[in-house]
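Enquirer:
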Amino acid sequence: MHPVTFLLIPVCFFSLFLFPFISALQQLFNESSAIGSTNLYSPDHSPNYAAKQRMGLYFPDGGHFSDRTFLSSNLRVLILESKYGSVFDERFVTYYAQLRGQLENISVRFHLLWIVRRSSVFQQIVHNGKTISYAQQCADQTHNDLHCLPDAFLMANSPLGRLFPLTIPYWNISAFKTRQSIYVGLLFGGVHVDPKSQHLKAARFVKMPFNMPPLKDQKAEAQFDRYWSETIRTLKPPRFVGITTWDHGQHETDMKLITIRTRRLLPLLVAALLLFCTVSTMRRERAFRKPLLALGGVVSAGCAIVTSFGMLHTIGIQLIQIALITPFLVLWDKNKGSVRSESTIVFTCSDIASIKCHNYNFRKSIASILLTSLDNVMVFSVGTLSVFPVMRIFCLYCAVSLLIVFAFQVTLFGSFIVIDTLRLCNESVPIEICIPSIKQFSSSPSSSVSSSTCSSASTIRKIKFSGRRGCGFLSPLSSLWSVFESWPFVTLISLSYMIYVIVSVMILNNNIEIGLLPSSLLPDDSITYSYLRQHEKYFWEYNIPMEVLIEGEYQYSTPITRHNILRAVASIENDEHTLEASFWLSDFDEFIR
């Protein structure tokens, strides 16, 4: 009755949430990759989560926890593979020591706008008249066990390793009354261990970590990362050594590939939809040839997605990179609804007022879109109950987008349909089509109509149909279709689907604690993907230790706080996600003093 009014309502909502949508995209592209947060990809109520909950009770500020799943910005790691033999072979150890020395002496110098290159491989940049390198930074660094640790692999191949054989995951070194434990569980992959003594016999992979002290100047750190990566790429290791590298800058770049490639696919999606709108209306009768109306359905769904993203960003739901897949899923599904709407709208019934017939057609279109939307919304709504936060966010974006797209299809696209139908009422469009019987909408008992009118003033079209059989070309398929509508067939499909769901749930319950593999979040042609795949395949035997970050303004030196922390040590000493107290308690004592 009032199509213009229903046209303005979605336009106002689109204008209202357009700016929040742009802000969400800018935040996704400019800020550090949110997809790299372990909290998004760790299941709720996992052992790691439970350990954090227990430990948080003993700290005045509740404790701030982190782990090395996604490594810190100042940490750079190389994985070296021994292709023929073990990493403890003499030639491999020799190359490892040479490579370590070269990388520690990579120096970068900064001075105003000019760059000095000292050699063809290692570049130097001047920063405030001081050379920046790993060796130089560690030489200037005060005592801090978090950075510049000695290389455990080289220590294990020194005379110290002969006195104290390497054990895994802890290498215990004792001298007189002192004892030190070094956690080496994550340094070696593809290991062979003596089951009795836990001595490490052989390993296929070894990590070479560089935990460099952080630089105060972000520009200098970015330049150092760039030249570090260039140096690694120019390395030519011998045939018996394979090298895979990781650093924070490369990790961030590879994570952003998801967003960049999705953004590049959006023009292709738009072109495909425009082509579909054009091709689907070719070689049709004039009343059915509506490319602009089909395009209106695509525009309506696109505006709805923008509105849903802006609305979720406004209420504080974080936009993650995997949510950018939502437009591809929603537009593909809702474009089918637009086609169904067009197929139900272009006919008028005999002896019925035009407004009544339009209302019937419009209700039929809404029902067509609604039935295709409800099942998808229900599926994604169930996904919002997932134990993985990233899956909850993704399914929430999909469910809300589908709901808002349905509202836009009913209002915005529905207004387009009504305006187009009213335009047809004022034109003469001779056409012959074949439609099913519509006796319930006709006051005449006749089963066939030779002509129909949209109003008393204008004749629109001639409609020929059979009241019992409908269109003739459907009759050969009626017997085949009756098989799919039979009760035994429906029962078989329902039982098969129930079995599939039950088996899937059982498999998920058995593997839910594993979590999402970090490599599954990256393109398989990226450098970080290769590193993470090796890490997941060969370094899975031992868990990554959890870190507790503490700040100086809290009074950790009070007796009650120290007592509570000692209780925490006693309760989590044997937890698989924590380190032995001897590994970190001395540093903690030094901190609180």
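Positions -24 to -1, 1 to 569 (mature numbering (1 follows the signal peptide of the UniProt record, and there is no 0)) are the ones given, in order, by the sequence shown. We treat Cβ as the ideally placed atom computed from N, Cα and C, and that holds for glycine.
#1: For Leu56, which residues does DSSP report across the bridge?
#2: State the beta-bridge partners of Val169 as determined by DSSP.
#3: With a Cβ-Cβ cutoff of 8 Å, do Leu4 and Met184 count as a contact?
#4: Can you tell which of Val167, Phe364, Phe200 has the C-alpha that lies nearest to the C-alpha of Lys513?
#5: Are the beta-carbon atoms belonging to Ala280 and Val381 less than 8 Å from one another?
#6: Measure the CB-CB distance between Pro(-5) and Thr387 and report whether it falls below 8 Å.
#7: Would you check if there are 3 or more beta carbon pairs closer than 8 Å linking the segment 168 to 180 to the segment 200 to 219?
#8: According to DSSP, simplified to helix, strand and coil, what is Tyr518?
#9: Per DSSP, what are the beta-bridge partners of Ile208 in this structure?
#10: Tell me which residues share the same chain as Asn81 and place their Cβ nearer than 7 Å to its Cβ, disregarding the 5 neighbours each side in the sequence.
#11: Under 8 Å by Cβ, that's how I've got Leu233 and Pro499 pegged, so tell me the actual separation to the nearest angstrom.
#12: Whose CA, out of Arg52, Tyr476, Gly225, lies closest to the CA of Pro189?
#13: Applying the criterion that 16 or more other CB atoms from any shown protein chain within 10 Å of the CB defines a buried residue, is Tyr473 buried or exposed?
#14: Over what stretch of residues does the alpha helix (DSSP H) that includes Pro(-15) continue unbroken?
#15: How many angstroms separate the CA atom of Ser134 from the CA atom of Asp193?
#16: Provide the residue span of the alpha helix (DSSP H) that contains Phe252, from first to last.
#17: Please indicate yes or no: does the CB of Phe392 lie closer than 7 Å to some heavy atom of the ligand SAH?
#18: What's the gap between the Cα of Asp501 and the Cα of Ile469?
#19: Could you check whether Ser284 and Leu377 sit closer than 8 Å to each other, using their CB atoms as the reference points?
#20: What did DSSP end up calling Val84 once you bin it into helix, strand or coil?
#21: Please look up how many angstroms separate the CB atoms of Ile503 and Thr221, rounded, as I've assumed it's under 8 Å.
#22: Return helix, strand or coil for Ile291, following the three-state DSSP convention.
#23: Classify Thr534 as helix, strand or coil using the three-state DSSP reduction.
#24: In chain order, what residues of the same chain lie with their CB nearer than 6 Å to the CB of Asp114, ignoring the 5 residues before and after it?
#25: How would you label Glu197, buried or exposed, when you count the other beta carbons within 10 angstroms and need 16 or more for buried?
#26: The alpha helix (DSSP H) with Pro365 in it runs from where to where?
#27: Evaluate Ala343 with the Cβ neighbour count: other Cβ atoms within 10 Å of its Cβ, from every protein chain shown; 16 or more gives buried, anything less gives exposed.
#28: Taking the alpha carbon of Leu288 as the point to measure from, which residue in Ile(-3), Leu(-17), His(-23), Cys(-13) has its own alpha carbon closest?
#29: Can you tell which of Arg368, Gly161, Gly390 has its C-alpha closest to the C-alpha of Leu346?
#30: Hey, how far is the Cα of Asp127 from the Cα of His224?
#31: In terms of residue numbering, what span does the alpha helix (DSSP H) encompassing Ala128 cover?
#32: Closer than 8 Å by C-beta to Phe(-12): which residues in its own chain qualify, once you throw out the five before and the five after it? Chain order, please.
#33: With 16 other CB atoms within 10 Å as the buried threshold, where does Trp463 fall?
#34: To the nearest angstrom, report how far apart Leu269 and Leu242 are at their CA atoms.
#35: Within its chain, find whatever has a CB closer than 6 Å to the CB of Pro494; leave out the 5 residues flanking it on each side and keep chain order.
Expert: Quick look at the numbers:
#1: Numbered from 1 along the sequence shown, position 80 holds the residue referred to as residue 56. According to DSSP, Leu56 bridges with Val182, Ile219.
#2: Indexing the sequence shown from 1 puts residue 169 at position 193. DSSP output for Val169 lists Leu176 as bridge partner(s).
#3: Along the sequence shown, read from residue 1 onward, the residue named residue 4 stands at position 28. Along the sequence shown, read from residue 1 onward, the residue named residue 184 stands at position 208. No, they are not a contact pair.
#4: Here residue 513 is taken as the residue at index 537 of the sequence shown, counted from 1. Checked all of Val167, Phe364, Phe200; the closest Cα to Lys513 is Val167.
#5: If you number the sequence shown from 1, residue 280 lands on position 304. If you number the sequence shown from 1, residue 381 lands on position 405. With respect to the 8 Å criterion, Ala280 and Val381 are classified as neighbours on the basis of their beta carbons.
#6: In the sequence shown, the residue the question calls residue -5 occupies position 20. In the sequence shown, the residue the question calls residue 387 occupies position 411. Going by C-beta atoms, Pro(-5) is not nearer than 8 Å to Thr387.
#7: no
#8: Position 542 of the sequence shown holds residue 518. Looking at Tyr518 - three-state DSSP - the assignment turns out to be coil, as it is neither helix nor strand.
#9: Translated into positions along the sequence shown, residue 208 becomes position 232. Answer by DSSP bridge pairing: none, since Ile208 is not bridged.
#10: Position 105 of the sequence shown, counted from the first residue, corresponds to residue 81. Ser109, Ala111, listed in sequence order.
#11: Position 257 of the sequence shown, counting from 1, holds the residue named residue 233. Position 523 of the sequence shown, counting from 1, holds the residue named residue 499. Right, their Cβ atoms sit about 5 Å apart.
#12: The sequence position of residue 189 within the sequence shown is 213, counting from 1. Here the closest residue by C-alpha is Arg52.
#13: For the purposes of this step, residue 473 is taken as the residue at position 497 of the sequence shown. Classification for Tyr473: exposed.
#14: Working through the sequence shown from its first residue, we reach residue -15 at position 10. Segment -22 to 6, the alpha helix (DSSP H) holding Pro(-15).
#15: For this step, residue 134 is matched to residue 158 along the sequence shown. For this step, residue 193 is matched to residue 217 along the sequence shown. Spanning the two alpha carbons is a distance of roughly 37 Å.
#16: Numbered from 1 along the sequence shown, position 276 holds the residue referred to as residue 252. First-last of the alpha helix (DSSP H) with Phe252: 224 to 255.
#17: Ligands are entirely absent from the displayed structure, and the ligand SAH is therefore not among its contents.
#18: Sequence index remark: in the sequence shown, residue 501 carries index 525 (1-based). Sequence index remark: in the sequence shown, residue 469 carries index 493 (1-based). Taking the straight line joining both Cα atoms gives about 40 Å.
#19: Reading the sequence shown from its first residue, position 401 is the one you call residue 377. Reading the sequence shown from its first residue, position 308 is the one you call residue 284. Note that residue 377 corresponds to Ser in the displayed sequence, not to Leu. For Ser377 and Ser284, yes; Cβs fall inside 8 Å.
#20: What you label residue 84 is simply residue 108 of the sequence shown in a count that begins at 1. In the displayed model, Val84 falls within a strand according to three-state DSSP.
#21: Counting from one through the sequence shown, the residue named residue 503 turns up at place 527. Counting from one through the sequence shown, the residue named residue 221 turns up at place 245. 7 Å between Cβ atoms; contact.
#22: Here the question's residue 291 lines up with position 315 in the sequence shown. The answer is coil: DSSP assigns Ile291 none of H, G, I, E or B.
#23: Here residue 534 refers to the residue found at position 558 when the sequence shown is read from its first residue. Thr534 falls in the coil class under three-state DSSP.
#24: On the sequence shown, residue 114 is found 138 positions in, with the first residue counted as 1. In the sequence as displayed, the identity of residue 114 is Cys instead of Asp. Correct list, in chain order: Cys124.
#25: For this step, residue 197 is matched to residue 221 along the sequence shown. It is buried - the Cβ of Glu197 has at least 16 other Cβ atoms within 10 Å.
#26: Numbered from its first residue, the sequence shown carries residue 365 at position 389. 365 to 384 is the extent of the alpha helix (DSSP H) around Pro365.
#27: Sequence index remark: in the sequence shown, residue 343 carries index 367 (1-based). The C-beta of Ala343 has fewer than 16 other C-beta atoms within 10 Å across all chains shown, which makes the residue exposed.
#28: Taking the first residue of the sequence shown as 1, we reach residue 288 at position 312. Comparing Cα positions, the closest option is Ile(-3).
#29: Walking along the sequence shown from the start, residue 346 turns up at place 370. Taking only the C-alpha atoms, the option nearest Leu346 is Gly390.
#30: In the sequence shown, residue 127 corresponds to position 151, counting from 1. In the sequence shown, residue 224 corresponds to position 248, counting from 1. Cα to Cα, Asp127 sits roughly 20 Å from His224.
#31: In the sequence shown, counting from the first residue as 1, residue 128 sits at position 152. Ala128 -> alpha helix (DSSP H) spans 128 to 132.
#32: On the sequence shown, position 13 is the one that residue -12 refers to. Here the set comprises Thr283.
#33: Taking the sequence shown and counting its residues from 1, one reaches residue 463 at position 487. Flag for Trp463 reads exposed.
#34: Mapped onto the sequence shown, residue 269 falls at position 293. Mapped onto the sequence shown, residue 242 falls at position 266. Each residue's alpha carbon lies about 21 Å from the other.
#35: Here residue 494 refers to the residue found at position 518 of the sequence shown. Here the set comprises Leu508.
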